[in-house]
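Data block below; observations after.
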Amino acid sequence: MINRTGATWPADGTGPGAGTDEQRSARMTTDRAAAQQERPEQPERRERSERREGPAWAESTDRPDPVTGVDMRVGGAEVRPVAGHIGAEITGVDLAAPLDDAVAGLIRRAVLRWKVVFFRDQRLDHAGQVAFARRFGEPVVLGRRGGASPPDFPEVETTADRLELGGRYGMDHEEWLARRRPHLLRGWHCDHGARVDPPAATVLRAESVPPYGGDTTWANLAAAYAGLSAPVRAFVDGLRAEHRLGVGYQPRPGDDAYLRHLLDHQMACEHPLVRVHPETGERVLFVNGYYIEQITGVSRPESAALLQMLLDQAVRPEYTVRFRWAPGSVAFWDNRATIHLAPSDHTGLDAPRIMHRVMLHGEVPVGVDGRPSTPVTGTEAGRW
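In the working numbering, the protein residues as written are 67 to 450.
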């Protein structure tokens, strides 16, 4: 006998259909009770099905992150990823108000997971920005800052493109950018990468931005490392590179005030080409186009070819996220696991771009072999 599911039952009358109607009914009741006992109803599935009555996008923020398993919502604060490998927007948080420990923990986990997080429509002032940053580490107090930086807040560095930077060295901003980054990859950097202890994280706040242009792009260096083939990962794990302030700068003919500044404030150190993240344990492809002078122990042509390949890998589109700023926007990123590209498409616009930056003290990087970074000149851990 063939039942409706295609299964073959015995033809000797011992199958489920055998016996009188009363016998069959009794067997069906017993079978249902046994099935319910074997498969008890699970409350979490019932709750999940109830949640599906709302919008489809709402369910994703109720579940833990599929990679890390950590919650993506605490109270009214939500973490919403914006790209596959990097970047998340956090909503439901007023950064000007005191953060409770649960929300601060959510933000920290989101930064470690997504490398850069974004907050919109914040009403932070300098004091509020410093207080927010202090929840996650010790802010760096800068010894030398631009003239536009607030005098009463030594932790805050203000970058106002049309007020300082190139103008301090006799150049307009467009020429300043062109000489510091003669090609695109030269612009990618982590903050203060020539230091022996680069900052652990950066909090950047937008005060005034152009109506269009001026976006910033970040790249996830942990994802870039993981995307290399196994033989290449094994090869780069043991390499180190010299990072130096001003690498690639194209001097002006004749007197060049910025070149004199670089020579007077030389800074260099040797970092592992792959560093181990001190909190997540991830291996990070610690490369950038702005500071690396050369991979140590190899020839210059070999170094140039390797760096080109690794930088191309680091900034592949799938490992990046681009953020459109607005007044009140705040970005908070892990400087140990990212590089970023400052914009240059707004230089011809008649509109200021005023940003305020607070950095957090970082650790001396450590390589896969356990060796820490070493200073070459002009840098000492903890001294700014």
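Just so it is clear, CB atoms sit at the ideal spot from N, CA and C, and this is done for glycine as well.
Scan the stretch 166 to 227 and note each continuous alpha helix (DSSP H) run of 4 residues or more that stays entirely inside, going in chain order.
List check, alpha helix (DSSP H) in window: 167 to 180, 192 to 200.
Tell me the rounded alpha-carbon separation between residue 115 and residue 180.
The sequence position of residue 115 within the sequence shown is 49, counting from 1. The sequence position of residue 180 within the sequence shown is 114, counting from 1. Reliability fails at residue 115, whose pLDDT of 36 lies under 50, so the model's placement of it is uncertain and no value is given.
Please name the residue in 392, 186, 204 whose C-alpha comes closest to that of residue 27.
Nothing about residue 27 can be read from this structure; the chain reaches only from 67 to 450.
Express the C-alpha separation of residue 420 and residue 409 in angstroms, rounding to a whole number.
If you number the sequence shown from 1, residue 409 lands on position 343. If you number the sequence shown from 1, residue 420 lands on position 354. Computed Cα separation, rounded: 13 Å.
Nearest CA to the CA of residue 161: which residue from 359, 381, 395, 336?
On the sequence shown, position 95 is the one that residue 161 refers to. Of the candidates 359, 381, 395, 336, the one whose C-alpha sits nearest the C-alpha of residue 161 is 395.
Sort out for me which residues DSSP pairs residue 338 with in a bridge.
Against the sequence shown, residue 338 aligns to sequence position 272. DSSP lists 306 as partners of residue 338.
Skipping 5 residues on each side, what residues in its chain have a beta carbon closer than 6 Å to that of residue 331?
Here the question's residue 331 lines up with position 265 in the sequence shown. Here the set comprises nothing.
Counting along the chain, where does the beta strand (DSSP E) carrying residue 267 start and finish?
Numbered from its first residue, the sequence shown carries residue 267 at position 201. Its beta strand (DSSP E) spans residues 267 to 274.
Might you give, ordered along the chain, the residues of its own chain that have their beta carbon closer than 7 Å to the beta carbon of residue 317, omitting 5 neighbours on each side?
Within the sequence shown, numbered from 1, the residue matching residue 317 stands at position 251. The answer, listed in chain order, is 325.
State buried or exposed for residue 440, treating a residue as buried only when at least 16 other CB atoms are found within 10 Å of its CB.
What you label residue 440 is simply residue 374 of the sequence shown in a count that begins at 1. Counting Cβ neighbours within 10 Å, residue 440 comes out exposed, since fewer than 16 surround it.
How do the stretch 181 to 195 and the stretch 259 to 274 stand: do at least 3 beta-carbon pairs fall below 8 Å, yes or no?
Yes: the two stretches touch, three or more of their Cβ pairs being nearer than 8 Å.
Please list the terminal residues of the continuous beta strand (DSSP E) segment that includes residue 349.
Translated into the one-based positions of the sequence shown, residue 349 becomes position 283. Looking at the DSSP string, the run of the beta strand (DSSP E) that includes residue 349 is 349 to 351.
Give the range of the beta strand (DSSP E) segment to which residue 388 is assigned.
Walking along the sequence shown from the start, residue 388 turns up at place 322. Its beta strand (DSSP E) spans residues 386 to 389.
Which stretch, first to last residue, makes up the alpha helix (DSSP H) that contains residue 411?
Along the sequence shown, read from residue 1 onward, the residue named residue 411 stands at position 345. That residue, residue 411, is in no alpha helix (DSSP H); it is neither H nor E in DSSP.
Return the first residue and the last residue of the alpha helix (DSSP H) that residue 326 is part of.
The residue you call residue 326 lines up with position 260 of the sequence shown. Looking at the DSSP string, the run of the alpha helix (DSSP H) that includes residue 326 is 323 to 330.
Can you name, in chain order, every residue of its own chain whose Cβ lies under 6 Å from the Cβ of residue 56, other than the five neighbours on each side?
In the structure displayed, the chain extends from 67 to 450; residue 56 sits before or after that span and is not available.
Mapping the DSSP letters down to three states, classify residue 367 as helix, strand or coil.
Taking the first residue of the sequence shown as 1, we reach residue 367 at position 301. Of the three classes helix, strand and coil, the one that applies to residue 367 here is helix, per DSSP.
Could you tell me the alpha carbon to alpha carbon distance between residue 366 and residue 300, rounded to whole angstroms?
Within the sequence shown, residue 366 is the residue found at index 300, counting from 1. Within the sequence shown, residue 300 is the residue found at index 234, counting from 1. Near 21 Å, if we compare the C-alpha coordinates of residue 300 and residue 366.
For the stretch 368 to 386 and the stretch 166 to 185, state whether three or more C-beta atom pairs, one from each stretch, are separated by less than 8 Å.
Touching, no.
Leaving out five residues before and five after residue 207 in sequence, what residues of the same chain have Cβ atoms less than 7 Å from its Cβ?
In the sequence shown, the residue the question calls residue 207 occupies position 141. Answer for residue 207: 220, 221, 450, listed in chain order.
Do you know whose CA, among 417, 422, 446, lies nearest residue 276's CA?
Position 210 of the sequence shown, counting from 1, holds the residue named residue 276. That would be 417, whose Cα lies nearest to the Cα of residue 276.
Specify the secondary structure class of residue 400 as computed by DSSP and reduced to three states.
As a working note, residue 400 is residue 334 in the sequence shown. It is a strand residue.
List the whole-angstrom C-beta distance separating residue 199 from residue 424, where the pair is believed to meet the contact cut-off of C-beta under 8 Å.
For the purposes of this step, residue 199 is taken as the residue at position 133 of the sequence shown. For the purposes of this step, residue 424 is taken as the residue at position 358 of the sequence shown. Contact flag correct, Cβ pair sits at about 4 Å.
Quick check: the Cα distance between residue 283 and residue 309, rounded to an integer number of angstroms?
On the sequence shown, position 217 is the one that residue 283 refers to. On the sequence shown, position 243 is the one that residue 309 refers to. Rounded to whole angstroms, residue 283 to residue 309 spans 22 Å at the Cα level.
Let's test the definition: count the other Cβ atoms within 10 Å of the Cβ of residue 205 and tell me whether it reaches 16, buried, or not, exposed.
Sequence index remark: in the sequence shown, residue 205 carries index 139 (1-based). It is buried - the Cβ of residue 205 has at least 16 other Cβ atoms within 10 Å.
For residue 345, name the three-state secondary structure that DSSP assigns.
Taking the first residue of the sequence shown as 1, we reach residue 345 at position 279. Three-state DSSP puts residue 345 in coil, outside helix and strand.
Shortest alpha-carbon distance to residue 171 belongs to which of 350, 262, 203, 353?
One-based indexing of the sequence shown puts residue 171 at position 105. Among 350, 262, 203, 353, the Cα nearest to that of residue 171 is on 203.
Considering only the beta carbon of each residue, do residue 169 and residue 197 sit closer than 9 Å?
The sequence position of residue 169 within the sequence shown is 103, counting from 1. The sequence position of residue 197 within the sequence shown is 131, counting from 1. Contact: no.
Once the 5 residues before and after residue 254 are set aside, which same chain residues still bring their CB inside 8 Å of it?
Residue numbering aside, residue 254 sits at position 188 when the sequence shown is read from its first letter. Within the same chain, residue 254 has close Cβ partners 285, 354, 355, 356, 377, 380, 381, 405, 406, 407.
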